[in-house]
Structure formats: structure tokens, C-alpha cells
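Asks: As they're listed, the protein sequences go chains A and B. 1 is the number of the first residue of the first sequence in the numbering used here; add one for each residue after it. 560 is the number of the first residue of the second sequence in the numbering used here; add one for each residue after it. Note that beta-carbon positions come from the ideal geometry of N, C-alpha and C, so glycine has one too. Keep in mind that this is a model prediction, so the values were computed, not measured. This structure is in C-alpha cells; I'll ask about it shortly.
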Amino acid sequence: MIDLLHTALAADLPAALAAASPMAEKLRYLIPEIILFTATFAVLVTGLSPSASIRRLSAAISALALIAAGLAALNTPTPPTALLPNLIPFSKVLIAAVGLLLVLLVAGTVDRDFESAIDRGTPFDAIRATRGEFYAFILFSLTGLMLCATADDLIWLFLALELTSLPTYVMVSISTARTRSQEAGIKYFFLGALGAAFFLYGFTLLYGATGTTLLFGNADVPGIAQILAAQLAQNGQLGALALTGLVISMVGVGFKIAAVPMHFYTPDVYEGAASSVSGYLAFVPKAAGIITLILLASTVGWTASAAGGLPEPIRVFLWVVAAMTMTVGNVLALLQSNVKRVLAYSSIAHSGYLLVGIITGPASADAPVSQNGLAASLFYLLCYGFMNLGAFAVLASLERSSRRAPGEEIETFDDLKGLCSTHPLQGWAMILCALSLAGLPPLLGFWGKLYLFTSAIAAGEILLVIVMGLNSAIALYYYLRLAATPFMERASGGAALTYTPSPTRRLAALLSAASVVLLVPFTWWLIRESDRAAEFRPAQPARAALIAPLPASAPPAAP
Amino acid sequence: MSILTLMLLVPIAGAFAIAFAAPARAYAIACISSAVGVILGVLFAFQFEWTTGATPQLGTFIPLLPDFGISIRLGVDSVAAWLIVLTQALQPLCVVGSRTAITERTRTYYAWLTILQSAMLGVFMAHDLIFFYVCFEFTLIPMYVLISLYGSTNRKAAATKFFLYTFTGSIIALAGLVYVASVAAAQSGQWTFALDQLQQTARSLPLREQTWVLLALLAGFAVKVPLFPLHTWLPLAHTEAPTAGSVILAGVLLKLGTYAIFRFVIPFVPAAVVEHADTIAIICIVGILYGGLICWVQRDVKKLVAYSSVAHLGFCMLGMFALNIVGGVGSVLYMINHGLSTGALFFCIGMIYERYHTRSLEELGGLAARMPVWAFFMVFFTMASVGLPGLNGFVSEFMCLLGAFQSGAGRIGAGATHGTLGPWYAAVAGVGMIVAAIYLLFMVGRVVFGPLKEPAGHASHDPHHPNDQHAHHGPLPTDLSTREIAVLAPLALACIILGVYPTPVIRSLEPSVGVAIAPAVELLKNPASPGATSMSGPEVPAATIVAHEGGAQ
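Next comes the structure, spelled out in C-alpha cells:
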């Protein structure tokens, strides 16, 4: 069946389209996105059906579409101009895999009261039903995320980033019926708009510096990468305009990954949204941001400075951001009593770790796998995706049921007390995910950190490794609390915990926790795949005649 | 399957069996698992070629992450072999010793206690640095659970402090190890974490880098030892831990630190070790005296013994950094002896605590009148700990001091070896022995002898007393039960044997110690040779070994 799909989509249809229009040629690279996009409309329709069984199909369609997209991504051709060609299938498969878990996780987030009212006899009202929109938003957002990975143009990249984020603003707002979620949604939206303004401004400066919006071209049709390579070859350094543009866009993208100084929204938004949606926010926009950062960094390449590596100003900028991000995240997490806030700060800290590999960059082609920093970041993103999702899924799969407030979310450490005796599987899932997040051997998170360590040390970033090491030690304190509370403490006398009605959330928690353990024997394979994904072909400098007639070193833009 | 793998796997299997068995069977399965461990330990002792103890034996190799050169690489030399024997021997005693003390959540307790054994054995067997690190770190989880679930009142804080201290240190140590591996990879183009290859690389580093690596490694291992001033977690952890937890902690877990320094610091960065041996020795001596003086003012018996560990391990480290055979052998012997005598003391104190629910010197006194058998063992192990000639503690303590005394070429006549310490170090550290005698004898004098003093409300220690609040202590007789004697007697026997005739152990340790300190000795002999790349082989001149055999007697 897959083969059929593949032939139908990959070979015939797009080839025919490509012949018809040059624009349509790009569709060949977008088969996974097309699958998701098509499914988006399917779930919109099924979600509005008066029949409950058809409405429930929305989740199944989303899951199937993700499986199909993931499989299609394995066989989809990649644009010949891409500097990181293998990154595209790798990230799409990863997005599909984690996306599948996320679909399991968000089941039952919206329409719970509405559906139970219908079960009691209230007539179906299409206006009030949000299930279709909710799944459509998820698929839109995941489509945007995949589009980020394929992006080869600034406009495309901007639209893809926004397509990833815009649905999440609504998802946060409608995730619970409480005003807290709406407040979180508004906050997220305005700060998101600020972030978008930042990177859009950065993009315009990049355009100004290079005269093109194309990210990756070739020597004849130069993209930003080729023009910057020519600038570097000519002057030995980047023009101030291009540098400013890159740094400002990175600050803006920092919003997506919740990096300092754009991290302020994270705890409030994660706390305000339903745990399931918080789990979603902790991965999808972050993956988009990381992929975008990798693409932006790849336009200047990791061979720009004399010592090999990013151009010095960008390296220093990212270095400071990484160090600040992990420290701020971990130190502030220590002060929290709300588990969701702890996980929010922990996700900030993990963004800092992820940046380390981007700073280090891919090693040269003949260097050992273990020195490839970009691969380390990608591998860590994979580890983080599973272990962090597991922690959120445990929270989302349980609720406190008192007569006054049925189905209240659990979110404090008190709620987790005695989880191992009342709900052993969920308790142990939490323990495994927390210890893996802490980087305790032999769980998955440890190998992720070790990879970042080896690559960064090999690249000479010893101080950054020490900062990271100390941060891991600080982080241990709250992860230990997260792991110890379910196991050590007796359940407190409050309202008993029950499972939420969506059994797939439990499944998501168990699958994530299991992957934290069961993927460990396959670490070598995952690392090799990450290494392949991080294969980087430095851009060839554009021929001088093709560079737009702009001064090579324009005076710094006065912002 | 080699015997080493088997020894690692049996406790893991045992722990899983306990976790899924009926709670009533937990103790029995733990007993069986530890008994199998003892049998394997005996088999291992017969398989091991003690005569060629310096070369790693019984190797096993299972690749894990080929791109990083990470694998399960096992091998044992005579130092590791003795520590493995110690681990296997202490385990059943700990299990049996917990019979009456642990009455709730027995499955959890015995499962973690059993799996802890596996992690500790892994550390002693590891010849791959990442596998070593994984095992080293994994010991934290069982110990954390044992302390924070089964400890006394302040257990949570103690467990957390223990975990944080050790984890923080060892992350820095990991960074140091990875740094060495990255240098090796830069040289050979191939990543590996194999012990012998990294050892070669680390030795060839310039002094300045070696010093940084030394600092990073010490940050991890000195916390575990614990070396003054990183010891502050230890008294708390010891005091709060359940009896068997304290025994394992003192008996084996602290030895992970000393063993790691012996295995991964001294042969790794010899130039830095030679350069800074005197500084470290001074820190050890400060620890010896400071620990001793603190013991003097303790009112809690368990805390007193805990602080005495700080002082004792100061001796152990002092011997190691003397960088000669006598000191090194004394140091390794100290690891074993301290495990035996301090472990036994914790058992004794645990037995009192089970009966009286106090460990305060103010509330206990003259217990010899009530419990003569217990009193015998208490005095016996205290003497072993003090270093009474004829018992084990004396041999190792004397050798450590002798090693420090002789270390320092040219400063004193016959018997001097190359080294940077000297008689003064030994003399000052010797004061620590006197202090140790004072506080330990003071403690024994209060608790064992003198007028009988029992905690209020416990005046009639009658198991059939109608108002006895601690019903489950009913089965405990006034004096030690046969089970408790069976726990203490083997330890006492080992103390006597190691005190009277330690020569076989010393003989078997000498070659391994020689290999470990060879690079440092080489540097001391030829201070001009830089970088120490000239270390051709680990062979130590036989003469060196023979010359210092006398130290044992």
C-alpha cells in the first residue's frame, strides 16, 4: 500500500506537475506535507459530523496521516540545493514519530463536557464542536513544522514558522474551559507576535545584505548561503548587515525554542494550557525553532571562522544565549512548586543544551561520528522529544476528581505523591522520564548529554561543557524531586486521582517511558542516523557577477 | 559467559525476582541471591590467577556504541579482585542483618539492596570508562532509595544531599574523562573509552592539562571517598541510613571513590599526581585530624563512627599518595579493613538501635552488663578500628604511615623511596591515630562499660512487657541472637586473619600496586623526562617490591 502511495505521489503526479510549472516542481519535495495537509481538511469535516463515531475518526485520521507522512518522508526526494539534505527526511520522520505520540496525548483535550452533554441527550451543535478544528490545528502545525525542514527561502521559512505557531495560540486558548487558558493563549500570542516581528526584521536585513530571499541556491542562482560564502571568501568576514540580520533573526527564533531573552512566556503558558497541550508546546515549536536555527546557521556554515566554526560574533552570541538559557531555566525551576512550571523551566534549560550542538556544528566529513555537534543536537532533540513528552503525558493522563470540580488537572508535587502505589505504571513512567531528563545513566537522556559532551569538548568548547555539567547538577535537584515524589511519599489525603477518560494518554506516557529505556540498546543506530542527517555541504561561493550590486560591507543598519 | 558477567547478572536477576515476588519472599530471595553471589565469589577466587595479579584477567568485551568506542569491557586485577571478594562477602551479611530492622516495603528494600551489589561490582570490573561511569552513577539510585525510605528522621535531606554531592562531582569527572578521550580521538582518529588506551593518552598530556584533568577527576572521586572538605554529606548520610545501608556505604561505596582514584587518577595523570601529591597529602592529614577532633565531641554513636570514616579514609589516601609500594598496598589493604571493621561497627550500633531506639551517648551506658556478647564484639571491632596490633586495622594503618614516612628520596637514609612526602607527614598523621584511640575508646568506655544506663521508658527490656510499644522487636532477645552473631562472627574472623597473617594479601597486591604507581615512580626517578611518554611497560623492578616487604611485619 505504501508503495502504491509512493508511486502515485512521488513518481507520477508531481513529475507531471513539475513539467507543467517550475513552481510545482517543489511539490515533489513536499509529499509528507501534502499528506498532512490533506488530512487536515478531512479531520475538519469529520469533526463536524453529527455522528459521534465519525467525529471520533478525527484522531484516527490524524494518526494515520502522520504514519503515512513519516513513511513518505523516507522516500521523498530532497531539494538538490539543500546544504543539509539528510536533515529533511530525518526531521520529518522524527516529527511524525513524536507527532504520533502527541496525537495520542492530546486526545480528549477539547469538547469533553460537550460530548458528555450529547451523550445525555443534548442535540449536536456544529457551532459548539471544536474537535475538528483542534485536530486540524495540530495537523496544520505539524505541516508547518515539516515545511520548516524543507524551507529553502526566507519567505517560505517565515510562513512555515508561523504556520507552526499560529494554531498553537488557539490550541492553548481552547485547551481548557478556564480563563487561565485564555490568558495564556493571549500572552503566548502577543509574545509570539513580538518574536515573529524580530525574526521577520532579521530576515529583511538578510535580504538587504544579499539581495535575495532564496536561502540555498547554487553557483548560478545564488542563494543567501552562496552570497554570504562569496562575501566571506572576498573579505574574510561577514558584512555587518548580514551579521545583524542573522543575530536578530536568531533572537526572534529564540522565542520558538524559549531561549533567553525570549523565554518569559514559557512557564505561564505551560501552566495555563492543559497538560496535553503543554506537552505539545514543549516539542513542536521547539523543534521548529531548532530546525530554523540550524538552517540559518548553515547559511554561514561552520567553516566561517579561522578556527573552524560559526563566525565569531554569531558563535559568541549563541554561546551566551546557550549558557544563559540553561542556567536561567535550571535555577528558576528550582523555585517552583507546580510540576508544569518545573517542566516549563526544564524545557527552557534543554533548549540551552540543544544550542550547544548548533554552536559546535558538524565536524568535517572524515572526523569521527562522536565529534559531530549538529548530530548531537539532533539526537538530543530526539531524546528530549520522548522523555519530555512522557513527563507531560503522565500529568495529562491523570486528574483529580472531587465532587466540586470534576476532572481537575493535576499539577503540583502533592498530586504526584504516592503515584507509584496508586497508579504504578504512570508513577514509574514519571520516574523514568524524570531521571532521563536529568541525564542519569544508563537512560536515554544520558547518552544524549554524553554526545553533546564529546562533540563540544572535541570542538574545544570546554567552558561551555563545564557550564552544562554544572547545570545538569543543578537540574538534578528538581528532577530528583520529580522522580522521588511518586515513589517515596505516601499519597496525601486529598481527592483521589483517577485516569482521564482518554486511555490513549496513558498509552502515550507508557510508550514514551518505554522508549527512554528500550531505545538505549539502539543508541548506536540512532546516533549514526543523526550523524547522517547532519551531513553538511558547505555552500559554494556565488560568482561575483551574480551578486546583487550592494556594497560588500555595508555600514551597519541603524535599527 | 564469563564469571564476571555472571556475578553482574545474578544480583540483577535477583532484584527483579524480588520486585515481582510476594513481599514475604523478598528476604528469602535476597538471601539466595547473595548466597549465589558468595559461591560465585569463591569460584572467582579460585579462577583468578593470584600469582599474576597485576595483569587484568577474565576479560569480557561486549561492544555498545562502536562509534564512540564505548563497550562493556571487563577485567580484574588483584586489587579489584579483593574488593570484589569484599563486596560479595558483605552482601549476605547486610541482607541477614536487615532481617528484623526492615519490616515495611520489604520488596523495595531488598530489590534495591540487591541491585546495588551489581552496580558496585560493575565499578570494580570496568575497564571502559563510560561503563565505569554508568555503574558509578547508578549506585546513587539504590542508595538514595535505601536512605530516603528506610532511614531515620532526617532521611530525606540526607539522601538528597548525598545524591547531589556525588552527582555534581561525578559530572565534572565525566567531563575530565571525555576530555581525555577527545585528545585520544584527535591523535588516533578513533574514539575509544578503553581504559588502557586512554591511560596512555592521559599520561602524554602536558603537566598543565594533567593538572586540570586531575582536578576534574578528584572533584568526582574525592566526594565519594570523601576527602576533607567534601565530606559533609557523609555523616548525615551515615547517620540517617538504615544499618545495612551504612554498612554498604562504609564497606564498599566509599571504596568506589578510593578505588577510582587508585585506578583512574594515579596511573592516568602521573605528572600532576607527582606535582600535587604533597598538597593532597596535606588535605588528607587535615581530614584525619579534623575528623578525629569532630568525633571527640560527638554525642551520637553512629555519627561518631561516620566521622571516624573521614579520618580513616584520610589515612587510606595518604598511603596512596605516598607513591610507593608500601603506601599503596597499605592503602588498598585499608580499603578492605575499613570495610570490615567499620562495617561491623555499624552493625553493632544498628543492633543497639533496634533494641533501644537511641544512639545517644547520653542515654546509653554500661551495656556490657546487659549484653555481654554484644559488648565483646563492640570492643573487638573498636580495637580493630583503632589499630590494635594483631588486628587488621593496625597492619594497613602502619603501612600507610610507613609509606608516607619513606616517601621522599634523599631526605632520610635506608628504606627511603622516591616520593614527595616525608617523615613529617607521617608524624603529623600519626597524631591522628592517637586521637582515634581517644575518641573510640571514650565511646566504648561510655557505652559498654561503667554503670548501666538505658533510655528512660526502656528500663525493663522485657520482650513480653505488656506496654512494649515496639511489638515487632519482641523476637529480639536482650543480648544478640544467633542470627546477629552469625553476621558479626565472620567479620571478626576476617579481622583476626588479616591482622595476624596478611602476607598473602599483601603479596598479591604488590604487583598491581606496582603497575598503578609505576608511571609516577618513573617520573620521580627521572624528573627531567617530560610528559612521561617514555613509559614503555607497566613492569616494576622486582627489587622495589622485595625491598619493602618488610613493611608488613
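1) Compute the Euclidean distance between the alpha carbons of A:Asp366 and B:Phe627, then round it to the nearest angstrom.
2) Over what stretch of residues does the beta strand (DSSP E) that includes B:Arg632 continue unbroken?
3) By DSSP, does A:Ser553 sit in helix, in strand, or in coil?
4) Return the chain-ordered list of same chain residues with a C-beta closer than 8 Å to the C-beta of B:Leu757, the five sequence neighbours on each side being excluded.
5) Would you mind reading off the limits of the beta strand (DSSP E) that contains A:Glu399?
6) Where DSSP assigns a beta bridge to A:Leu214, which residues make up the other side?
7) Express the C-alpha separation of B:Gln759 and B:Thr1092 in angstroms, rounding to a whole number.
8) Determine the DSSP secondary structure at B:Gly978, reduced to helix, strand or coil.
9) Does A:Glu461 pass the burial test, meaning 16 or more other C-beta atoms within 10 Å, or should it be called exposed?
10) Using a Cβ cut-off of 8 Å, which residues of the region 730-762 of chain B contact any Cβ in chain A, in chain order?
11) Counting Cβ pairs, one atom from each stretch, are 3 or more of them under 8 Å apart for the region 787-796 of chain B and the region 891-898 of chain B?
12) Relative to the alpha-carbon of A:Leu102, which residue among A:Ser141, A:Glu535, A:Leu464 and A:Ile118 has its alpha-carbon at the smallest distance?
13) Is it buried or exposed, B:Ser955, if we count other Cβ atoms within 10 angstroms and call 16 or more buried?
14) What residue range does the beta strand (DSSP E) around B:Gln616 cover?
15) Is DSSP giving B:Gly554 helix, strand or coil here?
16) In angstroms with no decimal places, state the Cα-to-Cα distance between A:Arg128 and A:Leu57.
17) How should A:Asp415 be labelled, buried or exposed, when 16 other C-beta atoms within 10 angstroms of its C-beta is the threshold for buried?
18) Just to confirm, is the Cβ distance from B:Phe964 to B:Gly991 under 9 Å?
19) For B:Lys1012, write down the residues that DSSP places opposite it in a beta bridge.
20) To the nearest angstrom, how far is it from the Cα of B:Val597 to the Cα of B:Ser707?
21) Against chain A, does B:Ser637 count as a neighbour if the rule is that its beta carbon must be under 9 Å from one of theirs?
22) Based on Cα-Cα distance, which residue from B:Gly804, B:Phe905, B:Gly846 and B:Ser919 lies nearest to B:Pro788?
23) Mind pulling the chain A residues with CB within less than 8 Å of B:Tyr692?
24) Is the Cβ of A:Pro362 closer than 9 Å to any Cβ of chain B?
25) Whose C-alpha, out of A:Ser173, A:Ala126, A:Phe134 and A:Ala288, is nearest the C-alpha of A:Ser91?
26) Do the region 866-881 of chain B and the region 1051-1067 of chain B meet, that is, are 3 or more Cβ pairs less than 8 Å apart?
27) What first and last residue would you give for the beta strand (DSSP E) that runs through A:Leu497?
28) Considering only the alpha carbon of each residue, which of A:Thr40, A:Leu335, A:Leu398 and A:Leu246 lies closest to A:Thr109?
29) May I ask you to check if the CB of B:Thr698 is nearer than 8 Å to at least one heavy atom of the ligand PLP?
30) Below 7 Å between beta carbons is the criterion; list the residues of the region 579-592 of chain B that meet it against any residue of chain A, in chain order.
31) Under the rule that 16 or more other beta-carbon atoms within 10 Å means buried, what is B:Trp676, buried or exposed?
32) Among residues of its own chain, excluding the 5 on either side of B:Ala574, which ones have a beta-carbon nearer than 7 Å to its beta-carbon?
33) Please classify B:Ala580: does DSSP put it in a helix, a strand, or coil?
34) Should B:His1024 be flagged as near chain A, meaning a C-beta pair shorter than 9 Å?
35) Using 8 Å as the threshold, is the region 656-663 of chain B in touch with the region 475-483 of chain A, meaning 3 or more CB pairs across them?
36) Assign A:Thr130 to one of three DSSP states: helix, strand, or coil.
Replies: Once the coordinates are examined:
1) A straight-line Cα-Cα distance of about 15 Å links A:Asp366 and B:Phe627.
2) Ile629 to Val635
3) Residue placement at A:Ser553 cannot be trusted, given a pLDDT of 49 that sits under 50; the coordinates are not used to answer.
4) Leu688, Leu736, Val739, Ala740, Ala743, Thr751 and Phe827
5) Leu398 to Arg400
6) A:Asp153
7) Low confidence applies to B:Thr1092: its pLDDT is 44, below 50, so where it sits in the model is not reliable enough to give any reading.
8) The three-state reading of DSSP puts B:Gly978 in coil, since its state is none of H, G, I, E or B.
9) Per the 10 Å Cβ criterion, buried.
10) For the region 730-762 of chain B, the residues whose beta carbon sits under 8 Å from a beta carbon of chain A are, in order, Ile730, Ile731, Leu733, Ala734, Val737, Tyr738, Ala740, Ser741, Ala744, Ala745, Gly748, Gln749 and Trp750.
11) no
12) With distances taken between Cα atoms, A:Leu102 lies closest to A:Ser141.
13) buried
14) In this chain, the beta strand (DSSP E) harbouring B:Gln616 covers Gln616 to Leu624.
15) With chain B represented from 560 up to 1112, any question about residue 554 of chain B goes unanswered, as that position is not in the structure.
16) 18 Å
17) buried
18) no
19) The bridge partners DSSP lists for B:Lys1012 are B:Gly924.
20) Roughly 28 Å between the two C-alpha positions.
21) no
22) B:Gly846
23) Pro441
24) no
25) Considering only alpha carbons, the answer is A:Ala288.
26) no
27) Taken as a continuous stretch (DSSP letters only), the beta strand (DSSP E) holding A:Leu497 covers Leu497 to Tyr499.
28) A:Leu398
29) What this structure holds is no ligand at all, so the ligand PLP is not there to describe.
30) Within the region 579-592 of chain B, no residue has its Cβ closer than 7 Å to any Cβ of chain A.
31) It is Gln, not Trp, that sits at residue 676 of chain B in the sequence shown. Only buried fits B:Gln676, as 16 or more other CB atoms lie within 10 angstroms of its CB.
32) Ala670, Thr673 and Ile674
33) coil
34) Interpretation of B:His1024 is limited by its pLDDT of 44, a score under 50 that renders its predicted location unreliable; no figure is taken from the coordinates.
35) No, the region 656-663 of chain B does not touch the region 475-483 of chain A.
36) coil
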